[in-house]
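Taking our numbering, the leading residue of the sequence shown gets 2, the next gets one more, and so forth. Ideal Cβ positions, reconstructed from N, Cα and C, are used throughout, including at glycine. See structure below.
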Amino acid sequence: MKNLLNYQSSEYDCGPVSLTNAVRFLFEREDIYPDIIKYIMLYCLDSYNEAGEVGKLGTSASAMMFLANWLNQFGRMKKFPISCEFLSGEDVHIGQTDKIVCALQQGGAVVLRLFLEVPHYVLLTGVEGDNLYLFDPYYEEEDDPELSEEYAEPGIVFISGQPKRANRLVSIERLNRTGEGFYEMGPLALREAVIVFNKQTRLLPENTIDYFI
């Protein structure tokens with residue numbers, strides 16, 4: 002059985018929660034090794050803020066790169082069908098032939114760093130036309146009167162009823178922006194993503210669907 006996707010427990014743990022959500026999205030609960038959950042939490046939350054407090058600057062790109070490599074090695078050693086690829090810089094772009102879209106079309110998931118007032122990790126789970134489905138682990142209620150007005154900007158749609166897949170539908174145009182507004186990936190030099198596959202459910206390219214209009 003597939004798990005519901007999780008929300009973060011603090012202001013800082015979007016990284017490990019989104020990476021764990023990738024595993025929850027791709028694998029049955031009965032098949033997930035406890036080691037995976039343990040080591041994701043162990044190696045994330047590694048950044049220090051200006052006061053020298055560990056974890057209060059979230060998770061670094063180095064930790065995400067390490068975990069992508071660790072998961073690949075774990076998969077080989079345990080014969081667990083997971084594969085990961087860490088992307089950075091100009092490789093983190095969303096277009097019809099880019100790695101991120103191809104991964105989503107093949108049934109993969111993508112942990113993506115973008116902005117939500119501050120750097121923030123979310124999970125991409127699908128593509129439909131000019132929009133991507135994503136699960137944002139930062140819990141918000143659409144009818145909350147204190148909800149930031151930036152959520153009401155074009156290209157951001159709250160969705161419900163898909164707790165195992167997504168809670169937002171965000172336009173590709175917005176995601177590709179180089180600014181630091183809500184759900185914008187920001188400057189190329191700061192971009193990072195981790196592509197995650199279940200090798201047993203990954204679709205071959207000839208079996209994928211072109212969702213672009």
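Environment of residue i [buried if 16+ CB atoms lie within 10 Å]
| i | result |
| --- | --- |
| G96 | exposed |
| G130 | exposed |
| I214 | Only weak support exists for where I214 lies, its pLDDT of 40 falling under 50; the coordinates are left without a value. |
| N50 | exposed |
| E29 | exposed |
| R77 | exposed |
| T60 | buried |
| M2 | exposed |
Spatial neighbours of residue i in its chain, beta-carbon cut-off 6 Å, leaving aside the 5 residues before and after
| i | result |
| --- | --- |
| V18 | N7, Q9 and P138 |
| G56 | Y13 and L46 |
| R178 | E185 |
| L113 | V123, L125 and A194 |
| E118 | none |
Whether residue i touches residue j by CB criterion (8 Å)
| i | j | result |
| --- | --- | --- |
| R169 | F183 | no |
| E181 | G187 | yes |
| L148 | E141 | yes |
| A23 | L124 | yes |
| I196 | V93 | no |
Integer Cβ distance of residue i from residue j, believed to fall under 8 Å
| i | j | result |
| --- | --- | --- |
| N199 | L27 | 4 Å |
| G108 | A167 | With a Cβ gap of about 14 Å, G108 and A167 do not count as contacting. |
| F87 | A69 | 4 Å |
Three-state secondary structure (DSSP) of residue i
| i | result |
| --- | --- |
| V102 | helix |
| T21 | helix |
| L204 | coil |
| G90 | helix |
| P35 | helix |
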